[in-house]
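Encoded as structure tokens, the structure appears first; notes follow it.
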Amino acid sequence: MDWHRADVSVPTRAPTGSTAAYVCGDEAALLVDPPDAGDALDSLLSDRSLAHIALTHHHPDHAGAVAHYARETGATVWARRGRASAFEAATGITPDRLFSGGTTIPTDAGPVTVIDTPGHAPEHVAFATDGAVVSGDLAVAEGSVVVGAPEGDVRAYLASLRRLHARNPDVLLPGHGPRIETPRETCARLINHRLARERRVRDAVHDGAATLDEILEAAYEKDLTGVRDLARGTVLTHLEKLAAEGAISWDSERAAPNPAE
Numbered sequence: 001m002d003w004h005r006a007d008v009s010v011p012t013r014a015p016t017g018s019t020a021a022y023v024c025g026d027e028a029a030l031l032v033d034p035p036d037a038g039d040a041l042d043s044l045l046s047d048r049s050l051a052h053i054a055l056t057h058h059h060p061d062h063a064g065a066v067a068h069y070a071r072e073t074g075a076t077v078w079a080r081r082g083r084a085s086a087f088e089a090a091t092g093i094t095p096d097r098l099f100s101g102g103t104t105i106p107t108d109a110g111p112v113t114v115i116d117t118p119g120h121a122p123e124h125v126a127f128a129t130d131g132a133v134v135s136g137d138l139a140v141a142e143g144s145v146v147v148g149a150p151e152g153d154v155r156a157y158l159a160s161l162r163r164l165h166a167r168n169p170d171v172l173l174p175g176h177g178p179r180i181e182t183p184r185e186t187c188a189r190l191i192n193h194r195l196a197r198e199r200r201v202r203d204a205v206h207d208g209a210a211t212l213d214e215i216l217e218a219a220y221e222k223d224l225t226g227v228r229d230l231a232r233g234t235v236l237t238h239l240e241k242l243a244a245e246g247a248i249s250w251d252s253e254r255a256a257p258n259p260a261e
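So the sequence shown is residues 1 to 261, counted in the UniProt record's numbering.
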């Protein structure tokens, strides 16, 4: 089962400046993550009959054209169970059906299976066929994925990467950047990167940094021009994880080492 890709230029914080939409099938096809209507995506859909539309998550650079293609094609629109209201707020359209992890969406090329992959966003999922997984913003071939407040959850993100690592697909098809030919190595790299950042946050707190901005300055040694808000949100999610695990105390304003540690 092949996935076909269209890269669509769209406002996004991703360095690519575009988001990839994916299509599986021909006569009863599934469209995943239509970021905007445009020539590349229209061309990909021109000789296909679209039956289903779904999102890996609701961020605007992945969801911008759901309503457009639903109206144009009459396709069934799917959303994550428990997140239908958020989906409607993000897309402007009420979903027709709901999925959860393990749900299969039928296409003429075969069934597409939903995989739970929260962390980058609470509703984040991936879509699997044979050895390929459309992975949204779970992974990138180079660099790292933002897992930041208010929606990001580092614990969930790490669990999602481990779940995908255990699944051991042949290839990941990400929302940004090139396809990932080494999924297990990439998942391991992203897990290690996230844990290394967590160690820097924890060390900063143990060295006396208390406020979010103090910890941010200690945890990052690079220039944060243009991405400071993303880095700040990332540090906050790590503080929340460390506090939930009892490694530090954090009252939403100040952090301190946990005396029991």
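Note that the Cβ used here is the ideal one computed from N, Cα and C, for glycine as well.
Of the residues the options, which one's Cα is nearest the Cα of residue i?
i	options	result
residue 29	75, 67, 159, 115	75
residue 54	21, 225, 173, 122	21
residue 132	203, 215, 181	181
residue 206	118, 247, 148	247
residue 191	179, 154, 172	154
residue 186	195, 172, 196	172
residue 230	92, 244, 212, 98	212
residue 52	128, 24, 40	24
residue 239	7, 257, 16, 225	257
residue 255	208, 126, 232	208
residue 9	242, 177, 184	177
Distance check for residue j and residue i, CA to CA, integer angstroms please.
i	j	result
residue 161	residue 145	11 angstroms
residue 221	residue 193	15 angstroms
residue 96	residue 42	23 angstroms
residue 38	residue 68	11 angstroms
residue 227	residue 215	16 angstroms
residue 106	residue 164	22 angstroms
residue 196	residue 70	42 angstroms
residue 169	residue 117	14 angstroms
residue 12	residue 18	7 angstroms
residue 90	residue 60	7 angstroms
residue 92	residue 15	27 angstroms
residue 179	residue 88	29 angstroms
residue 235	residue 98	33 angstroms
residue 3	residue 224	36 angstroms
Round the Cβ separation of residue i and residue j to the nearest angstrom and send it over; I've been treating them as touching at under 8 angstroms.
i	j	result
residue 262	residue 48	Nothing can be reported for residue 262: it is not among the residues displayed for the chain, which extend from 1 to 261.
residue 200	residue 188	Rounded, the Cβ-Cβ distance is 19 angstroms, inconsistent with contact.
residue 142	residue 83	Contact flag wrong, Cβ pair sits at about 30 angstroms.
residue 139	residue 174	6 angstroms
residue 86	residue 62	Not a contact, Cβ separation roughly 13 angstroms.
residue 73	residue 50	4 angstroms
residue 119	residue 147	6 angstroms
Mind checking who residue i pairs with in its DSSP beta bridge?
i	result
residue 206	Residue 206 is not bridged to any residue.
residue 172	133, 180
residue 99	80
residue 18	9
residue 115	126
residue 249	256
Let me know if residue i comes out buried or exposed under the rule of 16 or more other beta-carbons within 10 Å of its beta-carbon.
i	result
residue 135	buried
residue 198	buried
residue 137	buried
residue 33	buried
residue 166	exposed
residue 64	buried
residue 150	exposed
residue 152	buried
residue 56	buried
Between residue i and chain D, is the shortest Cβ-Cβ distance under 8 angstroms, so that the two count as touching?
i	result
residue 158	No chain D is part of this structure, which consists of one protein chain only.
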